[in-house]
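Report on one structure; see the data block that follows.
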DNA sequence: GATAATGTAACACAAAATATTACAGGAGGA
DNA sequence: TCCTCCTGTAATATTTTGTGTTACATTATC
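Residue numbers (the numbering used here), protein chains in the order written: chain P, 305 to 459; chain W, 305 to 459.
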């Protein structure tokens, strides 16, 4: 049996670390804004990730309207009240999930097979709903909520 | 801003297609069992994916107790009533999510930074609950449910 | 005007997913 | 029994995605 043996490595499918990095960035802004100039280099130090990566993610957060960036020696600033930003706001800012969905469908089911012909009809709607539910759950948590250790997400 | 320009390609993070392939395999068994010898070659034809990939996934489904495989000219058979198999059963059979979670955390937050020090305390519990909720949603759908076009997953 | 930071290209590298080839070994049928 | 078909799985290649690194033009503040 030994399934693990021929599965090379972890085989983990995950939401990219861009998401937790983005939350980390926003939390740094919440903590340091007004106190320090929050540059990509500064953030790189707290997050432990290359400054260019940070800048890319900041660009995405900026496109999503969450932060604004001054050139020169300003650093990153909040563009709205970050208390109200939800995890979904962050997630959708940094993951291009829109274009494909959370699930990856095998691309060539055989239309000549009675099962292959119907597999999309069978699954698409349900998978879409599951994804939607996942996103709604992320919408229900704001950055402010994270501060209270026991967030009430019904488990 | 043209975020897309410097994001190479799709940047999509997805549940591997092993999941939909596995559902496809099980649906083929539900449809063809008793009618035809369901070999990896046969499935490869319906699914449009290499037969070796199919065999690996079948091995995982077998480990999970969903199917059994005869050697020789038998092919794949159901090992239990597939009507009752949930999407989570399939998902957990083919994704090694257990070892890392759905979310990928950046591995080196700086413990000397007041934010970096607390980022795990801030996020871990909430992310775990979101993942749990995602999995529960998959648990609520069986293969039989898929047959009725309008599955009642509260949206 | 000097300095420091961003925006982003270009490229390198690592990790994961999938494809392909190959073949040993078991089961069933002739 | 022997042949054939199919599985199990190794080895390897290819593709895709994510991340790291270097570089530099641009722009805002000091």
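Ideal placement from N, C-alpha and C gives every residue a C-beta, glycine not left out.
| Query | Result |
| --- | --- |
| Identity of the residues DSSP links to residue 381 (chain W) by a beta bridge | W:372 |
| Residue 414 (chain P) beta carbon less than 8 Å from that of residue 349 (chain W) | yes |
| Backbone secondary structure at residue 323 (chain P) - three-state DSSP | helix |
| For residue 407 (chain W), three-class secondary structure by DSSP | strand |
| is_contact[residue 414 (chain P), chain W] using C-beta, thresh 8 Å | yes |
| Beta-ladder partner(s) of residue 390 (chain P), from DSSP | P:446 |
| Residue 437 (chain W), DSSP secondary structure in three states | helix |
| Cβ pair residue 342 (chain W), residue 376 (chain W) closer than 8 Å | no |
| CA-to-CA distance, residue 363 (chain P) to residue 398 (chain P), given in whole angstroms | 9 Å |
| Proximity to residue 355 (chain P) [Cα-Cα], best of P:322, P:429 and P:406 | P:322 |
| Residue 351 (chain P) versus residue 440 (chain P): straight-line alpha-carbon distance, rounded | 27 Å |
| Proximity below 8 Å, CB of residue 353 (chain P) to CB of residue 410 (chain W) | yes |
| C-alpha distance - residue 444 (chain P) paired with residue 371 (chain P), whole-angstrom precision | 21 Å |
| Euclidean distance between Cα positions of residue 450 (chain P) and residue 326 (chain P) | 14 Å |
| Within 7 Å of chain P by C-beta, residues of the region 431-445 of chain W in sequence order | 433, 434, 436, 437, 438, 441, 442 and 445 |
| CB contact below 8 Å: residue 426 (chain P) versus chain W | yes |
| Cβ neighbours of residue 423 (chain W) in the same chain (closer than 8 Å, five flanking residues each side left out) | 413 |
| Within chain W, partners of residue 390 (chain P) - CB distance below 8 Å | Those do not exist, as residue 390 (chain P) stays about 11 Å from chain W at its closest Cβ, beyond 8 Å. |
| Contact list for residue 350 (chain W) against chain P, beta-carbon separation under 8 Å | 413, 414, 417, 419 and 420 |
| With 16 other Cβ atoms within 10 Å as the buried cut-off, status of residue 369 (chain W) | exposed |
| is_contact[residue 353 (chain W), chain P] using C-beta, thresh 8 Å | yes |
| Beta-carbon gap between residue 452 (chain P) and residue 408 (chain W) smaller than 8 Å | no |
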